[in-house]
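Protein chains in written order, with the working numbering: chain A, 877 to 978; chain B, 565 to 770.
Even for Gly, the Cβ is constructed at its ideal location relative to N, Cα and C.
The structure displayed is predicted, hence computed values, not measured ones.
The structure appears right after this line, and notes come after that.
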Amino acid sequence: MQATGKPTGLAGDVIVYVCILALAGLQLVIAYGHAEVGQLFVRMLAVAVVQAALAVMFFMHLKAERRSLALSLGLYTIFVLLMMNMIWSDSFRLLHMRPFAR
Amino acid sequence: MSQGNMVVGEHSVELMEKSPFAIPSKKLVMWLFIISDAVTFGALLFAYGYLRNATPDWPTPFSSVVNVALMTFILITSSLTMLIAIRAAQAGNQPGALLWTFITVGGGLAFALLHIREWLRLIDEGLRMFQNPWGSGLFGAAFFTITGLHLTHVVAGVIALTVVVLGYKRGRYTSDDLENWGLYWHFVDLVWMFVVPFVYLLNLKR
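Below you can see the structure in the form of structure tokens.
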């Protein structure tokens, strides 16, 4: 076993698998709900983040590794992904302030 | 060994840095690859979001989620079978490791076939890289780029897992190698968790 901590057993893996499947089902329910696209996006993003966190922590056993590994990998990745959010202002500019709009 | 060589040997042992995260180098390299790939997919999904938000006539061509739900079920299940394969390999159960890895590979192939079927259906309906009958031509570029890159990862994973598990059977690779490629396989599953809601479910016909 390469992981430094104690990973969950097979029963734990099955529970995480069922949770991830249930969350995938929840996304389908959300998709067919009557809501604005913006609200749908936020709800689906929240569910996807929880799914991803479960997969990373339990399927990829990051929970069983040293905390320094999770912090090093996670913080850099999240920082870069957060920095990408600066594109939205230009996206809304295109929508509302098109150069040739009359 | 001469005295000089022994001194050099002692120095080289002292100079060797311990693994910073108490994991083998191969596993660290896989993690570094995974975070760089996560950022690549993140950038693609941000670019897709940028285009979708800024395009008033963005197409919503998907009328059914049956195919994509089946693909999701297969991919998530293949992650579980990969975990079982790794556990078998770590327990020294070589036949079990082979069986469950090949079940995982089968899941990957089934996913790829369903994915290609979805593509062919959309192409048959008129979707092309830069045009489609429903609205903005940018949809095809975004859709094929994101799902195509993911499909490439699935196919690469299928090939890699097959090579590694056959090498494991011959004794060339260990359960650690299988675990490292298991990380890659779970990552492919993880990316799909973001592709499905944003590329498929947000573009359902309403």
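Worksheet entry | Limits of the unbroken alpha helix (DSSP H) element including A:M917 | Walking along the first sequence from the start, residue 917 of chain A turns up at place 41. Before going on, a small fix: residue 917 of chain A reads as Phe here, not Met. 913-930 is the span of the alpha helix (DSSP H), which, as asked, contains A:F917.
Discussion item. Please tell me whether A:L902 has its Cβ less than 7 Å away from any Cβ of chain B.
Written reply: Residue mapping note: residue 902 of chain A aligns to position 26 of the first sequence, counting from 1. Not closer than 7 Å to any Cβ of chain B, the Cβ of A:L902 fails to qualify, so no.
Item to complete: Evaluate B:K591 with the Cβ neighbour count: other Cβ atoms within 10 Å of its Cβ, from every protein chain shown; 16 or more gives buried, anything less gives exposed.
Response: Taking the first residue of the second sequence as position 1, residue 591 of chain B is located at position 27. By the 10 Å Cβ count, B:K591 comes out buried.
Discussion item. Tell me the residue span of the alpha helix (DSSP H) that contains A:A946.
Written reply: Residue 946 of chain A sits at position 70 when you count from the first residue of the first sequence. Unbroken alpha helix (DSSP H) run through A:A946: 943-959.
Discussion item. Does B:S600 pass the burial test, meaning 16 or more other C-beta atoms within 10 Å, or should it be called exposed?
Written reply: Position 36 of the second sequence, counted from the start, is the residue given in the question as residue 600 of chain B. Its Cβ having fewer than 16 others within 10 Å, B:S600 is exposed.
Worksheet item: Hey, would you say B:T645 sits closer than 7 Å to B:I667, going by beta carbons?
Response: In the second sequence, the residue the question calls residue 645 of chain B occupies position 81. In the second sequence, the residue the question calls residue 667 of chain B occupies position 103. Result yes, Cβ atoms of B:T645 and B:I667 sit closer than 7 Å.
Discussion item. Cβ closer than 8 Å: which chain A residues qualify as neighbours of B:T784?
Written reply: Residue numbering for chain B in the displayed model covers 565 to 770; residue 784 of chain B lies beyond these limits and cannot be assessed.
Worksheet item: Using the beta-carbon of each residue, which ones in chain B are nearer than 7 Å to A:V913?
Response: For this step, residue 913 of chain A is matched to residue 37 along the first sequence. Residues of chain B passing the Cβ test: L766.
Discussion item. Looking at the secondary structure, which residues open and close the alpha helix (DSSP H) in which B:E743 lies?
Written reply: Taking the second sequence and counting its residues from 1, the one referred to as residue 743 of chain B is at position 179. 739-759 is the span of the alpha helix (DSSP H), which, as asked, contains B:E743.
Practice prompt. Check each candidate in B:L615, B:L662, B:P623 and name the one with the smallest Cα separation from B:W734.
Written response: The residue labelled residue 734 of chain B in the question sits at position 170 within the second sequence. In the sequence as displayed, the identity of residue 734 of chain B is Arg instead of Trp. Among B:L615, B:L662, B:P623, the Cα nearest to that of B:R734 belongs to B:L662.
Fill in: Test: A:R943 CB closer than 7 Å to a CB of chain B
Sequence index remark: in the first sequence, residue 943 of chain A carries index 67 (1-based). Not closer than 7 Å to any Cβ of chain B, the Cβ of A:R943 fails to qualify, so no.
Worksheet item: If you run the structure through DSSP and keep just helix, strand and coil, what is B:S566?
Response: Within the second sequence, numbered from 1, the residue matching residue 566 of chain B stands at position 2. With a pLDDT of 43 at B:S566, under the threshold of 50, the predicted position of this residue should be treated as unreliable, and no value is reported.
Practice prompt. Please decide whether A:V956 counts as near chain B, where near means a Cβ-Cβ distance under 7 Å.
Written response: Taking the first sequence and counting its residues from 1, one reaches residue 956 of chain A at position 80. Cβ-Cβ to chain B under 7 Å: yes for A:V956.
Worksheet item: For B:H750, is the classification buried or exposed, using 16 other Cβ atoms within 10 angstroms of its Cβ as the cut-off for buried?
Response: Counting from 1 along the second sequence, the entry for residue 750 of chain B is found at position 186. Buried is the call here.
Discussion item. For a test of the three-state rule: what should DSSP assign to B:L691, helix, strand or coil?
Written reply: Looking up residue 691 of chain B in the second sequence gives position 127. Three-state DSSP puts B:L691 in coil, outside helix and strand.
Worksheet item: Closest by CA to B:R685, which one among B:A633, B:V722, B:H714, B:S627?
Response: Here residue 685 of chain B refers to the residue found at position 121 of the second sequence. Of the candidates B:A633, B:V722, B:H714, B:S627, the one whose C-alpha sits nearest the C-alpha of B:R685 is B:S627.
Discussion item. Quick check on DSSP: helix, strand or coil for B:F585?
Written reply: Sequence index remark: in the second sequence, residue 585 of chain B carries index 21 (1-based). DSSP places B:F585 in coil when its eight states are reduced to three.
Worksheet entry | Nearest neighbour of B:M693, chosen from B:G699, B:A706, B:R681 [CA to CA] | Taking the second sequence and counting its residues from 1, one reaches residue 693 of chain B at position 129. Answer by Cα proximity: B:A706.
Practice prompt. Please specify which runs of the alpha helix (DSSP H), each continuous and at least 4 residues long, are wholly inside the region 605-658 of chain B, giving them in chain order.
Written response: 630-654
Worksheet item: Which residues of chain B have a Cβ atom closer than 7 Å to the Cβ of A:I896, listed in chain order?
Response: Counting from 1 along the first sequence, the entry for residue 896 of chain A is found at position 20. Result: I640.
Worksheet item: So which residues of chain A does B:N631 contact, with C-beta pairs closer than 9 Å?
Response: Taking the first residue of the second sequence as 1, we reach residue 631 of chain B at position 67. Correct list: empty, because the minimum Cβ distance to chain A is about 12 Å.
Fill in: Nearest to B:T709 (by Cα), restricted to the options B:L639, B:A586, B:T604
The count along the second sequence starts at 1 and reaches residue 709 of chain B at position 145. If we check each option's Cα against that of B:T709, B:T604 comes out closest.
Fill in: Residues within the region 602-614 of chain B neighbouring chain A, beta-carbon criterion of under 7 Å
A602, V603, G606, A607, F610, Y614
Worksheet item: Does B:N617 get closer than 7 Å to chain A when you measure Cβ to Cβ?
Response: For this step, residue 617 of chain B is matched to residue 53 along the second sequence. Yes, its Cβ sits closer than 7 Å to a Cβ of chain A.
Practice prompt. Say whether chain A places a C-beta atom closer than 7 Å to the C-beta of B:H679.
Written response: For this step, residue 679 of chain B is matched to residue 115 along the second sequence. False, the Cβ-Cβ gap to chain A never drops below 7 Å.
Fill in: Within chain A, the residues that B:H750 reaches when beta carbons sit closer than 7 Å
In the second sequence, residue 750 of chain B corresponds to position 186, counting from 1. Here the neighbours are A931, F935, M936.
Practice prompt. Could you tell me whether the Cβ of A:A940 comes closer than 7 Å to any Cβ of chain B?
Written response: On the first sequence, residue 940 of chain A is found 64 positions in, with the first residue counted as 1. A:A940 does not count as touching chain B.
Item to complete: Measure the beta-carbon distance from B:P623 to B:F675 and round it to whole angstroms, keeping in mind my assumption that it falls under 8 Å.
Response: Here the question's residue 623 of chain B lines up with position 59 in the second sequence. Here the question's residue 675 of chain B lines up with position 111 in the second sequence. Between B:F675 and B:P623 the Cβ distance is about 24 Å, and since that is not below 8 Å, they are no contact.
Worksheet item: Does the separation of the CB atoms of B:T641 and B:S700 fall below 7 Å?
Response: The sequence position of residue 641 of chain B within the second sequence is 77, counting from 1. The sequence position of residue 700 of chain B within the second sequence is 136, counting from 1. Not in contact: B:T641 and B:S700 (Cβ atoms no closer than 7 Å).
Item to complete: Look at B:T726 and B:V669 and say whether their C-beta atoms are less than 7 Å apart.
Response: Residue numbering aside, residue 726 of chain B sits at position 162 when the second sequence is read from its first letter. Residue numbering aside, residue 669 of chain B sits at position 105 when the second sequence is read from its first letter. Yes, they are a contact pair.
Worksheet entry | Residue-level contact to chain A via CB, B:L702, 7 Å cutoff | Position 138 of the second sequence, counted from the start, is the residue given in the question as residue 702 of chain B. Not one chain A Cβ lies under 7 Å of B:L702.
Discussion item. Assuming B:W745 and B:A724 are in contact, meaning their beta carbons sit under 8 Å apart, how far apart are those beta carbons, in whole angstroms?
Written reply: Here residue 745 of chain B refers to the residue found at position 181 when the second sequence is read from its first residue. Here residue 724 of chain B refers to the residue found at position 160 when the second sequence is read from its first residue. About 5 Å; that satisfies the 8 Å criterion.
Fill in: Where B:R736 falls, given that 16 or more other Cβ within 10 Å makes a residue buried
Taking the first residue of the second sequence as position 1, residue 736 of chain B is located at position 172. Burial call: exposed.
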